[in-house]
Amino acid sequence: MPEALNQAVQDARRLKQRDDNPNAPSRVWSEEEVIDGETHRALTVILRTRGCTWAIRGGCSMCGYVNDSFVKKITADHLVRQFETALSQFSDHSVIKLYTSGSFLDDTEVPIEAQQRIADMVPEQVVRFQSEAQAHHVTKERLSDIVNRLPTNCQLAFGIGMEASTPEVLEHSVNNEFTIQDYHEAARVADEEGAYLKCYVLVKPPFLTENEAIVEAVETAKRVAGTPALEAISFNPVSVHKNTLVEELFRSGDYSPPWLWSVVDVLERVSSFVDVQVHSDVVAGGQARGAHNCGACDEDVLRAIDAHKKTGDASVFERVSCSCREVWKEQLALEGLGFAGGGLASSFREAAGSKKARSGFETWYQA
Ligand code: SF4
Ligand SMILES: [Zn+2]
Numbered sequence: 395m396p397e398a399l400n401q402a403v404q405d406a407r408r409l410k411q412r413d414d415n416p417n418a419p420s421r422v423w424s425e426e427e428v429i430d431g432e433t434h435r436a437l438t439v440i441l442r443t444r445g446c447t448w449a450i451r452g453g454c455s456m457c458g459y460v461n462d463s464f465v466k467k468i469t470a471d472h473l474v475r476q477f478e479t480a481l482s483q484f485s486d487h488s489v490i491k492l493y494t495s496g497s498f499l500d501d502t503e504v505p506i507e508a509q510q511r512i513a514d515m516v517p518e519q520v521v522r523f524q525s526e527a528q529a530h531h532v533t534k535e536r537l538s539d540i541v542n543r544l545p546t547n548c549q550l551a552f553g554i555g556m557e558a559s560t561p562e563v564l565e566h567s568v569n570n571e572f573t574i575q576d577y578h579e580a581a582r583v584a585d586e587e588g589a590y591l592k593c594y595v596l597v598k599p600p601f602l603t604e605n606e607a608i609v610e611a612v613e614t615a616k617r618v619a620g621t622p623a624l625e626a627i628s629f630n631p632v633s634v635h636k637n638t639l640v641e642e643l644f645r646s647g648d649y650s651p652p653w654l655w656s657v658v659d660v661l662e663r664v665s666s667f668v669d670v671q672v673h674s675d676v677v678a679g680g681q682a683r684g685a686h687n688c689g690a691c692d693e694d695v696l697r698a699i700d701a702h703k704k705t706g707d708a709s710v711f712e713r714v715s716c717s718c719r720e721v722w723k724e725q726l727a728l729e730g731l732g733f734a735g736g737g738l739a740s741s742f743r744e745a746a747g748s749k750k751a752r753s754g755f756e757t758w759y760q761a
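Laid out in structure tokens, this is it:
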């Protein structure tokens with residue numbers, strides 16, 4: 395892990411402890427979820443934890459989820475009470491989606507006692523319990539413990555933020571702490587335990603040209619396609635979160651979110667070779683801080699991306715067009731000739747080299 399990049403990411407964080415009620419979840423809502431063609435009521439809960447351990451040590455260059463975390467010690471009792479509060483607000487749900495904005499299987503963030511008590515509390519009628527984890531936290535021990543505590547007919551699924559897969563991109567752009575090998579091991583373990591995985595992949599982490607970003611997203615899909623337990627690949631176009639290195643680069647003119655045409659290109663290419671669900675959730679689509687095109691066609695393209703998510707039919711993209719698609723193609727061509735930005739290596743040296751060093755890391759976090 396390059397020290398200068400991690401330092402730059404940590405400098406941008408401006409971590410702040412929160413004084414909110416530790417017994418109340420961050421957000422709870424009820425929504426529809428279609429599983430194997432059947433419509434279910436899904437209870438979605440965002441637990442407020444101490445924060446993603448990796449984010450507090452520096453973390454991924456584009457991720458600002460830790461802005462909503464407590465950034466101080468949160469006990470197993472607190473987390474269990476948050477889940478109880480969420481369960482008491484709604485009834486009759488057959489799907490539970492429980493997110494932490496970090497890794498549910500990281501016992502620093504969610505103590506094992508909390509993981510166990512939450513799994514024990516999942517009501518009998520729930521057919522699917524879905525959460526999120528970092529790949530290296532998906533171990534046989536943790537999965538089998540949770541599977542044994544869930545109701546007998548309840549599927550277990552985890553979203554894994556793989557983000558990218560080329561070692562140089564993970565190291566010098568995303569600043570992720572795990573590798574594609576960790577993902578493959580998580581897939582093997584999940585398969586053995588009868589659990590499912592959804593793989594999240596970024597479109598355009600920092601320091602990549604538009605071209606490099608498209609290639610990296612497609613290559614990452616190739617590297618996870620066909621792995622066991624995989625049920626979906628979800629592409630996340632990078633949006634500019636507060637207090638992140640990406641925000642600093644955005645402000646200094648060194649980062650712009652991807653074109654929506656790049657997202658469409660990735661979805662079209664990947665849909666042609668994978669046999670699992672492929673889709674994209676565009677955050678802040680059409681806005682300066684999210685994936686966008688010229689402004690005139692953004693809504694149409696976003697609608698097509700949404701329609702593709704619902705139907706899986708990539709031909710919806712044939713029905714959207716705009717003159718700005720030619721501008722996008724020209725940019726890709728110019729980048730290929732080296733005329734439009736330096737790409738990963740040169741941009742990184744320039745941006746990360748200018749960040750001042752910061753002393754110490756809050757040792758309370760390990761307490
Ligand atoms: S993307 Fe995931 S692992 Fe990376 S900092 Fe954010 S929550 Fe942590
Ligand atoms: Zn346009």
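Numbering (this note's numbering), first residue to last: 395 to 761. C-beta: ideal position from N, C-alpha, C; glycine also.
| Check | Outcome |
| --- | --- |
| Answer yes or no: the CB of GLY496 versus the heavy atoms of ligand 1, is any distance below 6 Å? | yes |
| Under DSSP, the alpha helix (DSSP H) around GLU623 begins and ends at which residues? | Note on residue identity: the sequence assigns Ala, not Glu, to residue 623. No alpha helix (DSSP H) holds ALA623; DSSP gives it neither H nor E. |
| Where do the ends of the alpha helix (DSSP H) carrying SER538 lie? | 534 to 543 |
| How far does the beta strand (DSSP E) with GLY553 in it extend, from its first residue to its last? | 549 to 557 |
| In three-state DSSP terms, what is VAL516? | coil |
| Could you give the DSSP three-state label for THR433: helix, strand or coil? | strand |
| So for ASN630, helix, strand or coil by DSSP? | strand |
| How many Å lie between ARG683 and LEU726 at the Cα? | 21 Å |
| Check for me: the beta strand (DSSP E) holding LEU492 runs from which residue to which? | 489 to 493 |
| Please tell me whether TYR594 and GLY553 are closer than 7 Å, where the distance is taken between their beta carbons. | yes |
| So which of LEU643, VAL668, LEU696, VAL677 has the shortest CA-CA distance to ASP405? | LEU643 |
| In whole angstroms, what separates the C-alpha of VAL422 from that of THR447? | 23 Å |
| Do VAL541 and LEU550 have their CB atoms nearer than 7 Å? | yes |
| Please report the straight-line C-alpha distance between VAL439 and VAL612, rounded to a whole angstrom. | 31 Å |
| Using a Cβ distance threshold of 8 Å, determine whether the segment 472 to 492 contacts the segment 508 to 523, with at least three qualifying pairs required. | yes |
| Are ALA619 and VAL668 close, meaning C-beta to C-beta below 7 Å? | yes |
| What whole-angstrom Cβ distance do ILE608 and VAL660 have, given they're in contact under 8 Å? | 6 Å |
| What would DSSP say about TYR594, mapped onto helix, strand or coil? | strand |
| Give the secondary structure of TRP423 by DSSP, where H, G and I count as helix, E and B as strand, and everything else as coil. | strand |
| Do PHE484 and HIS530 have their CB atoms nearer than 7 Å? | no |
| Return the chain-ordered ranges of every alpha helix (DSSP H) run that is complete within the segment 674 to 734 and spans a minimum of 4 residues. | 692 to 705, 718 to 730 |
| In chain order, what residues of the same chain lie with their CB nearer than 6 Å to the CB of LEU499, ignoring the 5 residues before and after it? | ALA527, HIS531, ARG536 |
| I'd like to confirm the pairing. Which residues does DSSP put opposite ARG617 in its beta bridges? | According to DSSP, which records beta bridges pairwise, ARG617 is partnered with nothing at all. |
| Give me, in chain order, the residues of the same chain whose beta-carbon lies closer than 7 Å to that of PRO651; leave out the 5 immediate sequence neighbours on both sides. | LYS598, PRO631, VAL632, SER633, VAL634, ARG683, GLY684, ALA685, HIS686 |
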